[in-house]
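Using my numbering, you'd call the opening residue of the sequence shown number 9 and step up by one each time. Below is one structure, written out as structure tokens; the observations come after it.
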Amino acid sequence: MNTLARLRALAPPSAVTAGLVTVLVGVSSSAAVVFAAARAAGADAGELASWMLALGVGLFVTCAGLSLRYRAPVVTAWSTPGAALLATALGGVPLAQATGAFVFCAVLILLSGVTGWFARVMDRIPVPLASALLAGVLLEFGTDLFRSMHGSFGVVFPMFAAYLLARRLAPRFAVLLALAAGVLATLATGGPHTGGIRFSPASLVLTVPEFDWRVLVSVGLPLFVVTMASQNLPGVTVLRGAGYQVPVSPLLGWTGAVNALLAPFGAFGINLSSITAAICAGEEAHPDRSRRYLAAVWAGFFYLCVGLLGGTIGALLTALPHALVAGIAGLGLLGTISASLHSAFAEPELREAAAVTFLATASGFTLLGVGSAFWGLLAGVLALLVTRLARPAPTAERREPDPARRG
């Protein structure tokens, strides 16, 4: 195999694009939340950059390492709901004690993987309910594609048109061409606004953790619950909904272990991704399912690039117009949304429970700091159990008589 062929095998354009879009969506949609959490903990500029670098290194190791190990698109991310929780819960908490809570949460995730209890729970979830949950999680991204046309038609519609045309003429490059069309349209309309952004490398800053039981209970434990329920749970359903039967316990074990090692440098939460993972698991990432893991490997590489420049790239990506990010995310997830809906409602006896899961998840309902992904799945399981218990099994007396015996 010559050098060019080897390069094409390791870096298929569709896989590289999917990895780039994954990081673009992940960082631009939540970097500001991470910054808010760091400031709530009292982190200065250098410590904030250390948070980004630690997260970038952790995501590179887990994305690339786990994807190469299992030959599946295992995409990890920082816990956005966890960052939102920290932004409100860390007020007045010293950074050292906050770091202790990060370590505590990571160790709990590690133990969840080692003991295998989380995998046993996941094995009992029917595939249609998992697919309905995934469709509900992604629905907002699909509708945002068209909702964003209201105020940014000149950016989003050229992306949509380019995507449809490419699906007809060059399906493998549809998302890439849509992204290029969006960038050109953004430049033509006068964006993005990047004034004031300065480029500088980041370095790791060690914060020795302190363990205060009050902070562990009020911050570390809720962070663990939110991460497991709102991130790892739907993250596993994405992989299984896409047909990848990756062992759950090792994924949790490794993400927890890497998180624990990097927590003293600011890695507050590393977990399985759900929304961005669907981008790498879809057909747009690679027509060959067995090669889609390359998209996750490239996502890890791009996350490392984000981390090496600390908050600089995060600030740059957050400066991109929301319409561009919403449009490319929606286009990249169209195939996954349609496939999830088909799988969710394919079995008539599970259709009602799948509808409950889908609607509850898509509602965005939040309770006790836990997002709708957990409550949607819980509602679907409850609906399934109740309807199965309420439906009596057929008996000999209740069976319809055989028409052949009538007469």
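In this text, a Cβ means the ideal position worked out from N, Cα and C, and glycines have one as well. Bear in mind the structure is a predicted one, so any value in this text is a computation, not a measurement.
Beta-bridge pairing by DSSP links ILE278 to TRP86. When the beta-carbon positions are compared, ALA26 and LEU153 stay at least 8 Å from each other. Within a 10 Å sphere around the beta-carbon of PRO209 sit fewer than 16 other beta-carbons, which makes this residue exposed.
Contact between LEU231 and LEU94 holds: CB atoms are separated by about 7 Å, below the 8 Å threshold.
In the three-state reduction of the DSSP assignment, LEU173 falls in the helix class, which pools H, G and I.
Approximately 5 Å separates the beta-carbon atoms of VAL223 and GLN105; this is inside 8 Å, confirming the contact.
Rounded to whole angstroms, the separation of the alpha carbons of ILE283 and GLY243 is 8 Å.
Residue burial is scored here from C-beta neighbours: GLY384 has at least 16 other C-beta atoms within 10 angstroms and is therefore classed as buried. According to the DSSP assignment, SER371 belongs to no alpha helix (DSSP H), since it is labelled neither H nor E. The residue from LEU63, ALA46, THR84 and VAL42 with its alpha-carbon nearest to that of ALA303 is THR84. In this structure, MET167 places its C-beta atom within 8 Å of the C-beta atom of LEU339. In this structure, THR70 lies near ILE278, with their beta-carbon atoms less than 8 Å apart. Note on geometry: alpha-carbon atoms of LEU212 and GLY66 lie some 12 Å from one another. CA-CA distance, ALA268 to GLY318, rounds to 20 Å. Separation of the CB atoms of ALA174 and LEU98 is rounded to 45 Å, and the pair is thereby denied contact status at 8 Å. By the 16-neighbour rule on beta-carbons within 10 angstroms, TRP306 is buried.
By the Cβ-count criterion, CYS313 is exposed, with fewer than 16 other Cβ atoms from all chains shown falling within 10 Å of its own Cβ. Here the alpha carbons of ALA182 and PHE161 stand approximately 19 Å from one another.
Inter-residue distance for GLY343 and GLY190 is about 19 Å (C-alpha atoms, whole angstroms).
Judged by DSSP in its simplified three-state form, GLU148 adopts helix. Apart from the 5 residues on each side of it in sequence, TYR301 sits with its Cβ closer than 6 Å to the Cβ of SER75, ARG79, ALA80 and PRO81 in its chain, given in chain order. For TYR252, there is no enclosing alpha helix (DSSP H), as DSSP marks it with neither H nor E. Taking C-beta atoms as the reference points, PHE110 and ALA271 count as a pair closer than 8 Å.
Collapsing the DSSP output to three states places ILE117 in a helix. The three-state secondary structure of THR215, taken from DSSP, is coil. Under the criterion of beta carbons closer than 8 Å, LEU172 and VAL29 do not qualify as touching, at roughly 17 Å. In the structure shown, HIS158 adopts helical secondary structure according to DSSP, grouped into three states. Per DSSP, the continuous alpha helix (DSSP H) segment holding THR194 begins and ends at 182-196.
When secondary structure is reduced to three states using DSSP, LEU317 falls in the coil class, being assigned neither helix nor strand.
Between the C-alpha atoms of LEU349 and THR320 there is a straight-line separation of about 38 Å. The region 45-107 is shown to contain whole beta strand (DSSP E) runs of 3 or more residues at 84-86, in chain order. By the Cβ test, the region 244-262 is in contact with the region 139-154, since at least three Cβ pairs between them sit closer than 8 Å. Taking PRO258 as the centre and dropping the five residues before and after it, the same chain places the C-beta of GLY121 closer than 7 Å to its C-beta, in chain order.
The C-alpha of LEU103 is placed about 43 Å away from the C-alpha of HIS294. Going by DSSP, LEU332 is part of the alpha helix (DSSP H) stretching over 330-352.
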